[in-house]
């Protein structure tokens, strides 16, 4: 950033030379520009230091130890990265750089990451369209039949409250169930900031399976959830929706991997284990497995083994898990063909649960 930095040299307590580019720094605000005249050859370091909170201490530290770095506040209130060094002749070299461009770049990176996570969830829901249509069709169909039955009773003049009430109650339950599906999907895809919350792993697994219920039924897949010692009460910290996004993606990959397998052999196995520090989830399929050439690139952006796939799912999953101080990797299944994807997340300690 040649136009976002100021460099100067000193002789004793006086400014000896100043980088002429300081007079054309494009990021200068009016307040900072007003202080530039004192940054001249022959100017006093004390005058310069008075315009920057913390600069005097930085210069003193550089004089004692030979080198010092700090983030200062300039006359215009904006943060500046400061580096000061004293050479063998006792001459001081000072460099000031504006941090706003770095902060803006970090903000853009954060926004891009959030947009990628949102895109991944939206694509995931698009892939689940048939599942959602089926899930909604069941309660809506049942509710329609109940209402038709009530209309027939009205036409026949047979509206005994005692007999009608159970049917109406069932209708309410079906409507609430459909509303719950819509709410769950809306929460899954909405643009939101990641949260830090306490999450029971078994509940997270059950929710992910329920989102894929129709695909599981359609493909004739049996699901087995196996919990190791202490896993039933396993609790982690993180963002529930993002972690659910990972599980849904990994479970769907496992389902798709088994479509070439005979139906009796299609089993999705979910393993939950804990140790002293971490909780681990394993999503195992009985598909053909992953060959060596693909294994080396599985988490590479835009690499995919699926016809028509975009190759962002696993890359996004790993980013989500690493964002929450976890790990994502895969291994061949222990027995027979297939693959197991593993997710390890830090367990929620008693202290973090109390702080939540």
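Numbering (the working numbering), first residue to last: 413 to 768. All C-beta atoms, glycine included, are put in the ideal place defined by N, C-alpha and C.
Residue i, buried or exposed, once every other Cβ within 10 Å from all chains shown has been counted against 16
{"i": "residue 697", "result": "buried"}
{"i": "residue 656", "result": "buried"}
{"i": "residue 705", "result": "exposed"}
{"i": "residue 756", "result": "buried"}
{"i": "residue 571", "result": "exposed"}
{"i": "residue 664", "result": "buried"}
{"i": "residue 450", "result": "Note that residue 450 scores 48 on pLDDT, short of 50, meaning its location in the model is unreliable and no value can be drawn from it."}
{"i": "residue 615", "result": "exposed"}
{"i": "residue 620", "result": "buried"}
{"i": "residue 629", "result": "exposed"}
{"i": "residue 592", "result": "exposed"}
{"i": "residue 594", "result": "exposed"}
{"i": "residue 738", "result": "buried"}
{"i": "residue 442", "result": "In this predicted model, residue 442 has a pLDDT of only 46, less than 50, meaning its place in the structure is not dependable; the value taken from the coordinates is given anyway. When all chains shown are included, residue 442 counts as exposed."}
Residue i versus residue j: straight-line alpha-carbon distance, rounded
{"i": "residue 751", "j": "residue 670", "result": "11 Å"}
{"i": "residue 556", "j": "residue 566", "result": "15 Å"}
{"i": "residue 732", "j": "residue 700", "result": "27 Å"}
{"i": "residue 609", "j": "residue 740", "result": "20 Å"}
{"i": "residue 691", "j": "residue 493", "result": "40 Å"}
{"i": "residue 744", "j": "residue 577", "result": "55 Å"}
{"i": "residue 475", "j": "residue 495", "result": "12 Å"}
{"i": "residue 707", "j": "residue 676", "result": "27 Å"}
{"i": "residue 674", "j": "residue 569", "result": "54 Å"}
{"i": "residue 564", "j": "residue 554", "result": "16 Å"}
{"i": "residue 753", "j": "residue 552", "result": "36 Å"}
{"i": "residue 498", "j": "residue 478", "result": "5 Å"}
{"i": "residue 654", "j": "residue 678", "result": "27 Å"}
{"i": "residue 473", "j": "residue 491", "result": "19 Å"}
{"i": "residue 412", "j": "residue 749", "result": "Nothing can be reported for residue 412, as the shown portion of the chain is limited to 413 through 768."}
{"i": "residue 742", "j": "residue 633", "result": "21 Å"}
{"i": "residue 727", "j": "residue 585", "result": "39 Å"}
{"i": "residue 607", "j": "residue 746", "result": "35 Å"}
{"i": "residue 626", "j": "residue 611", "result": "25 Å"}
{"i": "residue 682", "j": "residue 468", "result": "60 Å"}
Cβ distance (whole Å) where residue i is taken to contact residue j below 8 Å
{"i": "residue 623", "j": "residue 660", "result": "6 Å"}
{"i": "residue 579", "j": "residue 562", "result": "6 Å"}
{"i": "residue 758", "j": "residue 649", "result": "7 Å"}
{"i": "residue 667", "j": "residue 631", "result": "6 Å"}
8 Å Cβ cutoff met for residue i and residue j
{"i": "residue 582", "j": "residue 558", "result": "yes"}
{"i": "residue 466", "j": "residue 482", "result": "yes"}
{"i": "residue 384", "j": "residue 729", "result": "Any property of residue 384 remains undetermined from this structure, which presents the chain solely from 413 to 768."}
{"i": "residue 760", "j": "residue 617", "result": "no"}
{"i": "residue 587", "j": "residue 548", "result": "no"}
{"i": "residue 635", "j": "residue 693", "result": "no"}
{"i": "residue 662", "j": "residue 695", "result": "yes"}
{"i": "residue 484", "j": "residue 470", "result": "yes"}
Exercise. Inspect the CB distances between the region 673-688 and the region 636-645 and report whether three or more fall short of 8 Å.
Key: yes
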